[in-house]
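Since the structure comes first, as structure tokens, the remarks are kept for the end.
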Amino acid sequence: MKFDNKIALVTGSAQGIGFSIAEKLASEGATVIIADIAEDAAKSASEKLKSAGAKSDYTAMDVSDFNQVAEKMKALVEKHERIDILVNNAGITRDGLILRMSEKDWDMVLDINLKSVFNCSKALARSMMKTGGVIVNVASIIGQMGNAGQANYAASKGGIIALTKTLAKEFASRGVRANAVAPGFISTAMTDKLSEEVKGKMLEAIPLKRLGRPEDVANLVSFLCSDESAYITGQVVRIDGGMVM
Ligand SMILES: NC(=O)c1ccc[n+]([C@@H]2O[C@H](COP(=O)([O-])OP(=O)(O)OC[C@H]3O[C@@H](n4cnc5c(N)ncnc54)[C@H](O)[C@@H]3O)[C@@H](O)[C@H]2O)c1
């Protein structure tokens, strides 16, 4: 299988897009570490993978906490010998117009969505440079377009795109690739919060006339993690049903 003997860590993978990515990588032979702030949910996600015959581990991890990430990644690399694939997927929204957005909501979104990518990539950089590896970051079309009511989220996702290109440039000569995916509107707990009116407007703007499924994103991430994309680095691949073109 594509990921036989590969160790993958997916952040924010207790549910949603992250869990779908974990399932896909596991179904293709990877040992998948579920890393999520929600410990019970991470444990049950990992058990679900194992009951489907895959190899899996889990850890409670707040990706926004630099020291905690460094410690936990070190322990995981010792336990599993290396981590070949890092998918930085954890992310949240705290929407509001700039005039009403609190400093707390700005900081929280930037820390969980963007600083986390620095924290996790830095914590694994040395080990990945020794063995080779792949990083895939989950950005968003909002990071490319901006969006009223999402200053914090847009800035975090735009930052991920710039950080991805920098990781790609710094790590390429050491055998580590870094790419980002930019999903449009994907059906998960994050978008379930939106009103029917907003969802209706989105559908009108999507040529393929449906919201994306977490599995759509997982298929793309799996490709970017595999040797099939061995000559692709520093790219942002949009997956949005044609919404932005
Ligand atoms: N759903 C969409 O339409 C959409 C579109 C574009 C991009 N994205 C991005 O995809 C990623 C996954 O989104 P989703 O829709 O699956 O969201 P979700 O809310 O279903 O899942 C997010 C996961 O991240 C975890 N998490 C939150 N804070 C964390 C922290 N500090 N440390 C570790 N884990 C944490 C949560 O516990 C949860 O398991 C996010 O980065 C999101 O911005 C989603």
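The numbering used here runs 4 ahead of the 1-based position in the sequence shown.
Glycine included, each C-beta is placed from N, C-alpha and C at the ideal position.
Between the Cα of residue 188 and the Cα atoms of 142, 127, 101, which residue gives the shortest distance?
142
Per-residue DSSP class, three states only, for residue 10
coil
Three-way DSSP call (helix, strand, coil) for residue 93 in this model
coil
According to the neighbour-count rule (16 or more other Cβ atoms, all chains shown, within 10 Å of its Cβ), is residue 249 buried or exposed?
exposed
Where the beta strand (DSSP E) through residue 183 begins and ends
180-187
First and last residue of the uninterrupted beta strand (DSSP E) at residue 130
No beta strand (DSSP E) holds residue 130; the alpha helix (DSSP H) holding it covers 120-135.
What did DSSP end up calling residue 15 once you bin it into helix, strand or coil?
In the structure shown, residue 15 falls within a strand segment according to DSSP collapsed to helix, strand and coil.
Those runs of the beta strand (DSSP E) which lie wholly inside the stretch 143-207 and span at least 3 residues:
Runs of the beta strand (DSSP E) inside the stretch 143-207: 180-187.
If you compare alpha carbons, which of 92, 5, 58 is closest to residue 40?
92
What does DSSP give as the partner residue(s) for residue 240 in the beta ladder?
In DSSP, residue 240 forms a bridge with 184.
Cβ atoms of residue 30 and residue 74: under 8 Å apart, would you say?
no
Neighbourhood of residue 123 by C-beta distance below 8 Å, restricted to the same chain and skipping five residues each side:
Cβ-Cβ distances below 8 Å link residue 123 to 67, 68, 69, 70, 73, 74 in the same chain, with the five nearest sequence neighbours on each side left out; the list follows chain order.
Helix, strand or coil: how does DSSP classify residue 233 here?
helix
Whole angstroms is fine: what's the gap from residue 219's alpha carbon to residue 243's?
11 Å
List the endpoints of the continuous beta strand (DSSP E) containing residue 68.
Premise fails: residue 68 is in no beta strand (DSSP E) and is neither H nor E.
Measure the C-alpha to C-alpha separation of residue 13 and residue 78 and round it to an integer number of angstroms.
13 Å
Within 8 Å, strictly: CB atoms of residue 94 and residue 179
no
Quick one: measure Cβ to Cβ for residue 237 and residue 172, integer angstroms, because I've assumed they're closer than 8 Å.
4 Å
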